[in-house]
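I have placed the structure first, in the form of structure tokens, so that the comments after it can refer back to it.
Below, the structure is given as structure tokens:
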């Protein structure tokens with residue numbers, strides 16, 4: 002997800018790199034989460050006893066700023082501090098998520114965040130957020146190519162990221 006060239010809206014890219022026909026109407030993290038569920042991002046269950054796959058939304062640095070989320074830095078009051086691993090519970094975005102009835106895992110709002118509601122009638126409502134600007138893809142052998150924009154990052158990880166062929170993560174991508 003990134004900011005449209007006009008600067009007036011957010012633009013979403015699908016897993017195949019094409020632009021999504023719709024984008025979140027609002028400019029809050031809650032709007033992004035609800036949009037992701039509304040357009041049914043994620044994958045359907047593969048077996049009747051399985052679980053639906055969660056939606057995954059990758060937020061670019063420009064989208065972070067548009068959504069009122071801070072960049073990574075060292076000032077705990079104004080920026081995301083990597084050593085803390087999450088935004089403080091007093092941050093405006095965290096409060097908005099909780100006020101809208103959504104929950105965060107114990108990891109809170111960090112580089113890999115999970116925003117969810119308690120399942121109803123066996124249906125999960127969960128969106129995973131990946132925030133590369135906060136170091137989400139900086140460990141585990143993943144190396145993002147320089148200059149990769151949202152449209153380039155959206156396709157399958159094996160084409161957008163460099164991974165060694167014998168890496169366990171590559172095997173997960175292949176499965």
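Numbering (my numbering), first residue to last: 2 to 176.
Note that the Cβ used here is the ideal one computed from N, Cα and C, for glycine as well.
Predicted, not measured: the structure shown is a model, and the values here were computed from it.
Taking all protein chains shown into account, decide if residue 89 is buried (16 or more other Cβ within 10 angstroms of its Cβ) or exposed.
As a working note, residue 89 is residue 88 in the chain shown. Exposed: under 16 other Cβ atoms inside 10 Å.
Residue 124 by DSSP, collapsed to three states: which one?
Here residue 124 refers to the residue found at position 123 when the chain shown is read from its first residue. In the structure shown, residue 124 sits in a strand (DSSP, three-state: E or B).
Segment contact, 8 Å Cβ cut-off, at least three pairs: the stretch 4 to 13 with the stretch 94 to 106
no
Please report how far the alpha carbon of residue 85 lies from the alpha carbon of residue 70, in whole angstroms.
Here residue 85 is taken as the residue at index 84 of the chain shown, counted from 1. Here residue 70 is taken as the residue at index 69 of the chain shown, counted from 1. Cα to Cα, the separation comes out at about 15 Å.
Tell me the rounded alpha-carbon separation between residue 29 and residue 22.
Within the chain shown, the letter at position 28 stands for residue 29. Within the chain shown, the letter at position 21 stands for residue 22. Near 19 Å, if we compare the C-alpha coordinates of residue 22 and residue 29.
Quick one: which unbroken beta strand (DSSP E) runs of 3-plus residues sit fully inside the stretch 14 to 88? Chain order, please.
56 to 59
Beta-carbon proximity list for residue 111, same chain, < 6 Å, skipping 5 on both sides:
Along the chain shown, one-based indexing puts residue 111 at 110. Excluding residues within five positions, the ones whose Cβ falls inside 6 Å are 86 and 87.
Counting along the chain, where does the alpha helix (DSSP H) carrying residue 94 start and finish?
Against the chain shown, residue 94 aligns to sequence position 93. Here the alpha helix (DSSP H) through residue 94 covers 93 to 100.
DSSP three-state call for residue 135: helix, strand or coil?
On the chain shown, residue 135 is found 134 positions in, with the first residue counted as 1. Helix, per DSSP.
Measuring alpha carbon to alpha carbon, tell me which residue in 45, 5 and 123 is nearest residue 56.
Locating residue 56 in the chain shown gives position 55, where the first residue counts as 1. That would be 45, whose Cα lies nearest to the Cα of residue 56.
Can you give the Cα-Cα distance for residue 120 and residue 126, rounded to whole angstroms?
As a working mapping, residue 120 is identified with position 119 in the chain shown. As a working mapping, residue 126 is identified with position 125 in the chain shown. Roughly 6 Å separates the two Cα atoms.
What is the rounded straight-line gap between the Cα of residue 164 and the Cα of residue 137?
Working through the chain shown from its first residue, we reach residue 164 at position 163. Working through the chain shown from its first residue, we reach residue 137 at position 136. Its pLDDT being 42, under 50, residue 164 is placed unreliably by the model, and the measurement read from it follows with that caveat. Cα-Cα distance, rounded: 15 Å.
Contact between the stretch 29 to 39 and the stretch 61 to 69 is defined here as three or more beta-carbon pairs at a separation below 8 Å; is this criterion met?
yes
Could you check which residue in 38, 139, 25 and 16 has the C-alpha nearest to that of residue 116?
Stepping through the chain shown from its first residue, residue 116 is reached at position 115. Minimum Cα distance to residue 116 is reached at 38.
Quick check on residue 113: does DSSP put it in helix, strand or coil?
On the chain shown, position 112 is the one that residue 113 refers to. In this structure, residue 113 counts as strand in the three-state DSSP scheme.
Identity of the residues DSSP links to residue 118 by a beta bridge
Translated into positions along the chain shown, residue 118 becomes position 117. 126, per the DSSP bridge assignment.
Looking at C-alpha atoms only, which residue of 2, 132 and 101 is the closest neighbour of residue 83?
Residue numbering aside, residue 83 sits at position 82 when the chain shown is read from its first letter. If we check each option's Cα against that of residue 83, 132 comes out closest.
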